[in-house]
Amino acid sequence: MHEEGACIMDPEQALRQLVDRAAIIDVATKFAASLDHRRWDDYGACLSDKIEISLPTMGGWVSMTREELLAFAERLYSQMDGCQHISANHQVTVSGDEATCLSTLNATHYLTAEHDERIQREVGYYDYRLVRSDAGWQITRLLMTITWVEGNTAALRQLQANASLPTARV
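Residue numbers for the sequence shown follow this note's numbering, beginning at 63 and rising by one.
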């Protein structure tokens, strides 16, 4: 029994939406987890050839190539003893070959030995824009919003500076 005015979705369309949603969540979680495991090929596969990114410390939007973002991530995370990025509570919207995915972010960074306070954690949200490509769903735009931090934030900012953190391009 269906409610009056309820939309009945075609089973093929419903299946396609579920497959797309699962694939998009896979990209979001692979993007986060590949940093932890230093799987740079997996990280790069999540990204389109060009990506717009805004991290809190960038001061705005930066347009980069996949290779530029990959190189920055490698430089940054090679300075850490370990990290864990959790992307959860995915809210996915698909419209044809474009999609959005909002997920919660919990990133814990275990910093190199020269720092007195070795743990730094950021909590907030990843807001992804993705496109369907021949390689599958890929991130074209990423906004990272931090709602709170704890631990050695100054040390993480220094590591970002050491890795040549891109800044907003006007």
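We put the beta carbon where it would ideally sit given N, CA and C, even for glycine.
What is the residue span of the alpha helix (DSSP H) that E179 lies within?
For the purposes of this step, residue 179 is taken as residue 117 along the sequence shown, with counting starting at 1. First-last for E179: undefined, no H or E at that position.
Own chain residues within Cβ distance below 7 angstroms of L117, not counting five before or after:
Reading the sequence shown from its first residue, position 55 is the one you call residue 117. Residues of the same chain with a CB within less than 7 angstroms of the CB of L117, apart from the 5 flanking positions on each side, are M206 in chain order.
Please classify G144: does DSSP put it in a helix, a strand, or coil?
One-based indexing of the sequence shown puts residue 144 at position 82. It is a strand residue.
Enumerate in chain order the residues of its own chain whose CB-to-CB distance from M71 is below 7 angstroms, with the five nearest sequence positions on each side excluded.
Your numbering for residue 71 matches position 9 in the sequence shown. When the five nearest sequence neighbours on each side are left out, no beta carbon in the same chain lies closer than 7 angstroms to the beta carbon of M71.
Whose CA, out of T166, T162, G213 and A84, lies closest to the CA of E179?
Position 117 of the sequence shown holds residue 179. Residue G213 holds the alpha-carbon nearest to the alpha-carbon of E179 among T166, T162, G213 and A84.
Alpha carbons only, please: which of W123, L77 and Q79 is nearest the one belonging to R203?
Your numbering for residue 203 matches position 141 in the sequence shown. Comparing Cα-Cα distances from R203 to each of W123, L77 and Q79, the minimum goes to W123.
Use the C-beta contact count for I201: other C-beta atoms within 10 angstroms, 16 or more gives buried, fewer gives exposed.
By one-based count along the sequence shown, residue 201 stands at place 139. I201 is buried by the Cβ-count criterion.
With 16 other Cβ atoms within 10 Å as the buried cut-off, status of A169
Here residue 169 refers to the residue found at position 107 when the sequence shown is read from its first residue. Burial call: buried.
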